[in-house]
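Here's the structure we're looking at; comments come further down.
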Amino acid sequence: MEVIREGIGGPQSFRERGLLARDLLRGDLEGLELERLVEQSILTTTLDRAVDWARSNSLFPATFGLACCAIEMMSIVAARVDVARFGFEAFRASPRQADLLILSGRVSIKMAPVVRRIYDQMLEPKWAIAMGACSSSMGVFNNYAIVPADKFMPVDVHVPGCPPRPEALMHGILKLRKMIQDDPDVSWRERYGAVGTEELLPEASPTAENAGA
Amino acid sequence: MDEVSARSEYRKLEESITLSPLEEQVASQRDFSGGTTEVLTLNIGPHHPATHGVLRLLVTLEGEVVRDLRPIIGYVHTGIEKTAEDKAYWKAIPVIERMDYLSYYFNALAFCGAVETLLECEVPKRAQYLRVIHLELNRIMSHLVWLGTSALDLGAMSMFWYCFREREMILDLFEQSSGQRMHTRYFQVGGVIEDIPLGFEAKLREFMAIMPGRVDQYNDLLKRNEILLQRLRGTCPLDEQSLLALGVTGPLLRASGNPWDLRKAAPYSSYEDFSFKIPVGTVGDNYDRYAVRVAEIYESVKIIEQALDGLPEGPFITEDRKIALPPRHELATSMEALIHHFKLVTEGFRVPPGEVYYPIESPRGELGCFVRSDGSAKPARVHMRDPSFVNLQATAAMTRGSYIADLIATLAMLDPILGGIDR
Amino acid sequence: MPDQVGLELIATALGEEIPGSVLETAFFRAQAGLLIAPETVRQVLAALRQSHGYRSLMSVHGVDYYPHEPRLGVHYELLDMERVDRLTVKLRVPLDQPNIESVTPDWPTANHQEREVFDMFGVHFDGHPDLRRILMPEDYEGHPQRRDFPLGGEPVLFTHNEVGSPGWTR
Chain S
1 MEVIREGIGG PQSFRERGLL ARDLLRGDLE GLELERLVEQ SILTTTLDRA
51 VDWARSNSLF PATFGLACCA IEMMSIVAAR VDVARFGFEA FRASPRQADL
101 LILSGRVSIK MAPVVRRIYD QMLEPKWAIA MGACSSSMGV FNNYAIVPAD
151 KFMPVDVHVP GCPPRPEALM HGILKLRKMI QDDPDVSWRE RYGAVGTEEL
201 LPEASPTAEN AGA
Chain E
1 MDEVSARSEY RKLEESITLS PLEEQVASQR DFSGGTTEVL TLNIGPHHPA
51 THGVLRLLVT LEGEVVRDLR PIIGYVHTGI EKTAEDKAYW KAIPVIERMD
101 YLSYYFNALA FCGAVETLLE CEVPKRAQYL RVIHLELNRI MSHLVWLGTS
151 ALDLGAMSMF WYCFREREMI LDLFEQSSGQ RMHTRYFQVG GVIEDIPLGF
201 EAKLREFMAI MPGRVDQYND LLKRNEILLQ RLRGTCPLDE QSLLALGVTG
251 PLLRASGNPW DLRKAAPYSS YEDFSFKIPV GTVGDNYDRY AVRVAEIYES
301 VKIIEQALDG LPEGPFITED RKIALPPRHE LATSMEALIH HFKLVTEGFR
351 VPPGEVYYPI ESPRGELGCF VRSDGSAKPA RVHMRDPSFV NLQATAAMTR
401 GSYIADLIAT LAMLDPILGG IDR
Chain G
1 MPDQVGLELI ATALGEEIPG SVLETAFFRA QAGLLIAPET VRQVLAALRQ
51 SHGYRSLMSV HGVDYYPHEP RLGVHYELLD MERVDRLTVK LRVPLDQPNI
101 ESVTPDWPTA NHQEREVFDM FGVHFDGHPD LRRILMPEDY EGHPQRRDFP
151 LGGEPVLFTH NEVGSPGWTR
């Protein structure tokens with residue numbers, strides 16, 4: 001099979017392209033030739049979209065496994081459904097270095113303040129995936145001990161399943177990636193009018209007001 | 001202001017652990033340069049890469065030596081036992097399965113066994129053998145996840161990928177027999193929900209042919225690895241008497257030399273038909289705990305082979321239509337089958353009143369299920385005696401006096417599953 | 001399991017050693033159970049360990065017998081590893097005076113398990129070294145696994161009740 005490339009009528013050989021590049025660098029290229037070269041070789045975009053593209057392709061998930069869904073989250077790091085092929089294999093232990101919180105498992109009422117605190121410790125921009133039925137809604141256990149994640153923290157993507165297959169979680173992560181690429185401000189930030197969530201430090205911490213006193 | 005004071009009250013309650021006797025004792029000692037030492041209380045968890053779930057430890061350290069340890073649990077408490085009281089016996093099985101989330105078949109068997117004892121229901125031989133096959137596959141899978149994550153804790157990262165490669169094969173088998181990878185609700189009261197499909201036996205034989213070779217690969221990587229030996233050999237041993245006093249069972253007890261295994265001592269579900277050995281350690285240190293679990297994988301493969309070779313023909317669930325659903329083709333012809341189906345699906349079967357405790361051997365120790373029934377279609381009390389919950393009490397005794405790095409290794413070798421601890 | 005006769009022999013021996021301890025024996029589905037008076041629990045377990053060989057305490061768990069009184073029950077599962085024998089020791093305490101002597105000094109395995117029974121049912125173990133809530137948050141009120149404690153949970157949202165629920169943003 002023969003592959004035919006339709007150029008814009010520009011130079012085909014390596015040597016010619018090299019000469020054009022040299023002229024470009026010297027500033028000798030003008031007019032139509034310059035336009036043609038730019039169209040061919042430079043990708044133009046807005047800064048926002050470039051940044052979004054970079055952010056979405058290098059999410060650092062936080063290692064936050066709570067219960068059974070954590071085992072399936074470990075499976076996506078494993079070789080069969082390999083999350084490294086998308087660039088997300090760098091699971092960070094510290095929330096300050098992570099930007100994606102995958103809430104994998106049931107959030108009990110004792111754990112909810114801890115989850116909130118960890119989410120607050122993450123730096124903007126940050127996203128959260130509620131993995132599994134228990135964290136999205138109450139799941140199998142509709143009782144006194146569990147809290148659905150939407151009640152105390154904003155969640156971007158909910159992945160249903162009990163536990164969701166690794167492929168399903170992958171689909172959820174890729175959906176989040178698409179969301180970030182298209183527009184990171186979509187969904188909860190607009191609805192809740194939220195700017196950011198910072199960590200609430202305990203009352204005894206020094207502030208500018210009481211520092212001098 | 002109210003909220004703030006309420007928070008600090010809560011903090012006071014949380015910090016209700018007195019360190020003063022320990023502090024005085026340590027402060028009275030002088031270190032080698034003549035100065036005094038202080039104790040530091042470190043909070044490990046609940047979010048920590050090494051706590052194997054959401055376990056919180058309050059560790060009192062003197063330098064790097066652990067002086068005291070308090071585990072604080074409850075961070076994944078799901079109220080499973082109370083939820084099971086609200087559901088019919090059939091519908092409670094998926095809820096109970098999600099307790100110890102790596103050994104779901106064992107949870108289901110403990111509950112189904114207890115209910116079968118109450119009902120005095122006979123489980124057909126084929127169902128028992130199928131149960132044994134799936135239980136041993138689950139045991140292998142649980143040990144593989146333990147091995148992968150423990151090696152990850154100790155720094156041997158590649159073990160994680162190797163173990164999960166085998167785990168995917170086992171999950172493929174589970175998906176073939178029941179449709180789900182985890183929490184398969186394959187075990188039902190009276191037997192199993194469905195017979196194994198065509199092709200399951202071939203795939204299982206294929207898996208068993210390669211599995212011992214894979215475990216040999218793991219041993220090549222780890223067994224005589226200098227770093228692993230330094231970290232595990234001789235660290236945090238605990239003698240058999242203390243373990244027995246603390247109620248510890250399973251590989252931890254077997255590592256210290258006591259060959260207590262319910263599959264041999266009080267066989268259930270046709271385990272007496274199979275010949276297998278119980279790996280037993282000598283010293284009871286971390287290395288023995290590691291070696292016992294790896295050796296158990298070989299024995300499980302042997303059991304599965306024997307079960308598959310000797311798999312008898314017959315029904316896969318009890319024939320008693322008051323307990324098990326009738327096969328679908330009968331619904332078109334038999335009125336009684338239709339009525340039974342209706343009763344079972346809407347209300348569920350009723351269990352005669354009584355209390356029963358049914359213990360089995362899970363990958364972590366003795367898993368017992370206590371069921372109290374009051375004659376209705378819902379259980380009146382379900383309690384799972386989880387082995388990790390009881391084994392966790394041994395952590396303090398094991399790690400007193402050792403370094404904090406040994407604490408991490410011991411936690412890995414303890415194999416705690418927080419879902420079972422917190423239920 | 002000791003069989004029916006063995007169970008009766010144990011019950012008689014215990015009754016002689018600790019008068020007033022054994023209230024009832026139950027042999028159900030080949031499992032042996034003894035109902036004892038709550039104040040004698042520590043002595044009964046010690047006697048069972050000493051004279052009858054039940055050296056392992058496998059499980060301590062609570063039961064709520066609502067609406068039968070006395071309402072709260074605690075079960076102790078004993079195991080003899082040498083003869084592979086199990087025995088359940090049961091006791092029942094009323095709600096207004098749910099105090100039992102803790103067996104933790106003799107059986108260290110009961111530590112967390114008694115805390116769980118306290119947390120879930122409200123049975124108070126006197127003499128326990130550290131009786132706090134173990135599974136629920138420290139400041140939680142109520143004992144969840146009692147039969148009259150509500151199950152709780154979120155209401156399931158359907159089309160007829162989803163408008164106006166918190167989180168309804170459309």
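Here the protein sequences line up with chains S, E and G, keeping their order. Everything in the first sequence is counted per this note's numbering, starting at 1 for the first residue and increasing by one. Everything in the second sequence is counted per this note's numbering, starting at 1 for the first residue and increasing by one. Everything in the third sequence is counted per this note's numbering, starting at 1 for the first residue and increasing by one. Note that CB positions come from ideal geometry on N, CA and C, so glycine has one too.
### Query
Since E154(G) meets chain S, which of its residues come closer than 7 Å, beta carbon to beta carbon?
Think of a sphere of 7 Å around the beta carbon of E154(G): the chain S residues whose beta carbon falls inside it are M138, N142, P148, in chain order.
### Message
Would L244(E) pass as an interface residue toward chain G - the criterion being a Cβ-Cβ separation below 8 Å?
### Response
L244(E) counts as touching chain G.
### Query
For a contact meaning CB atoms closer than 7 Å, what does M153(S) contact in chain E?
In chain order: nothing, as chain E lies at least about 14 Å away.
### Query
Using DSSP with H/G/I as helix, E/B as strand and the rest coil, what is D386(E)?
In the structure shown, D386(E) adopts coil according to DSSP, grouped into three states.
### Exposure of N107(E), with buried meaning 16 or more beta-carbon neighbours within 10 Å
With 16 or more other Cβ atoms within 10 Å, it is buried.
### Residues bridged to S341(E) [DSSP beta-bridge criterion]
A small fix is needed here, since residue 341(E) is His in this sequence, not Ser. In the DSSP output, where bridge partners are listed per residue, H341(E) has none listed.
### Query
For E299(E) versus K277(E), is the C-beta spacing smaller than 8 Å?
Taking 8 Å as the Cβ cut-off, E299(E) and K277(E) qualify as a contacting pair.
### Task
Taking all protein chains shown into account, decide if T109(G) is buried (16 or more other Cβ within 10 angstroms of its Cβ) or exposed.
When all chains shown are included, T109(G) counts as buried.
### In DSSP terms, what Q188(E) is bridged to
According to DSSP, which records beta bridges pairwise, Q188(E) is partnered with G191(E).
### Query
Across which residues does DSSP place C369(E) in a beta bridge pair?
Answer is Y358(E), M384(E), bridged to C369(E).
### Task
Would you list, in chain order, the members of the segment 23–57 of chain G that have their beta-carbon closer than 9 Å to a beta-carbon of chain E?
Across the segment 23–57 of chain G, CB contacts with chain E closer than 9 Å involve A26, F28, R29, A30, Q31, G33, R55, S56, L57, in sequence order along the chain.
#### Entry: In chain order, each alpha helix (DSSP H) run of at least 4 residues that lies wholly inside the segment 92–117 of chain E
Given a length threshold of 4 residues, the segment 92–117 of chain E has no whole run of the alpha helix (DSSP H) inside it.
### Query
Roughly how many angstroms separate the alpha carbons of V132(E) and E361(E), rounded to a whole number?
One Cα belongs to V132(E), the other to E361(E), and the distance between them is close to 12 Å.
### Query
Is E90(G) helix, strand or coil by DSSP?
Here the sequence assigns Lys to residue 90(G), which means Glu is not the residue at that position. DSSP places K90(G) within a strand segment (E or B) once states are collapsed to three.
### Assigned exposure category for N161(G) - 16 Cβ within 10 Å defines buried
Exposed is the call here.
### Task
Could you please tell me which residues of the segment 64–85 of chain E, in chain order, have their CB closer than 8 Å to any CB of chain S?
Listed by position along the chain: G74, Y75, V76, H77, T78, G79, I80, K82, T83.
### Residues of its chain near G368(E), where Cβ-Cβ distance is below 8 Å and the 5 sequence neighbours each way are ignored
Only A110, Y357, Y358, P359, I360, M384, R385 meet the Cβ criterion.
### Query
Looking at the C-beta of K175(S), does it have a partner C-beta in chain G at a distance below 8 Å?
Not closer than 8 Å to any Cβ of chain G, the Cβ of K175(S) fails to qualify, so no.
### Message
Between V192(E) and chain G, is any beta-carbon pair separated by less than 8 Å?
### Response
The beta carbon of V192(E) does not come within 8 Å of any beta carbon belonging to chain G, so the residue lies off that interface.
### Message
Any beta carbon from chain S within less than 8 Å of W161(E)'s own beta carbon?
### Response
It does: the Cβ of W161(E) has a partner Cβ on chain S nearer than 8 Å.
### Query
What are the start and end residues of the alpha helix (DSSP H) that includes R205(E)?
Counting along the chain, the alpha helix (DSSP H) containing R205(E) begins and ends at 200–222.
### Own chain, CB closer than 7 Å to Q4(G), minus 5 neighbours either side, in chain order
Correct list, in chain order: F27.
### Query
Is the Cβ of G148(E) closer than 8 Å to any Cβ of chain G?
With its beta carbon at least 8 Å from every one in chain G, G148(E) lies outside the interface.
#### Entry: Start and end residues, alpha helix (DSSP H) containing G197(G)
Because chain G in this structure spans residues 1 to 170, residue 197(G) falls outside the shown range and cannot be described.
### Query
Helix, strand or coil for H329(E) per DSSP?
H329(E) falls in the helix class under three-state DSSP.
### Task
Identify every residue that forms a DSSP beta bridge with T41(E).
Answer is T60(E).
### Task
Quick one: measure Cβ to Cβ for L42(E) and L69(E), integer angstroms, because I've assumed they're closer than 8 Å.
Here L42(E) is actually not in contact with L69(E); their C-beta atoms are around 10 Å apart, not less than 8 Å.
### Task
Grab the span of the beta strand (DSSP E) containing R177(S) for me, first residue to last.
Annotation: R177(S) is outside any beta strand (DSSP E); the continuous alpha helix (DSSP H) that includes it extends over 166–182.
### Start-to-end residues for the beta strand (DSSP E) that takes in V157(S)
Note, V157(S): beta strand (DSSP E), 157–159.
### Message
Cβ closer than 7 Å: which chain E residues qualify as neighbours of L66(S)?
### Response
For L66(S), the residues of chain E that pass the 7 Å Cβ criterion are V54, V76, in the order they occur in the chain.
### Task
Mark F151(S) as exposed unless 16 or more other C-beta atoms lie within 10 angstroms of its C-beta, in which case mark it buried.
With the sequence shown as reference, residue 151(S) is identified as Lys, and Phe is not the correct amino acid for it. Counting the other CB atoms within 10 Å of its CB gives K151(S) a total below 16, which places it among the exposed residues.
#### Entry: L19(S) versus G31(S) - alpha carbon distance
If I take the Cα positions, the gap works out to 16 Å.
### Message
So if I threshold CB-CB distances at 8 Å, which residues from the segment 107–118 of chain E count as touching chain G?
### Response
So the close ones are T117, L118.
### Task
Tell me whether W161(E) sits in a helix, a strand or coil according to DSSP, three-state version.
DSSP, read as helix, strand or coil, puts W161(E) in helix.
### Task
Determine the closest residue to A32(G) out of Y54(G), P19(G), E39(G), with distance taken between C-alpha atoms.
With distances taken between CA atoms, A32(G) lies nearest to Y54(G) out of Y54(G), P19(G), E39(G).
### chain G residues whose Cβ lies nearer than 9 Å to that of I109(S)
For I109(S), the C-beta contacts it makes with chain G under 9 Å involve M136, P137, Y140, in order along the chain.
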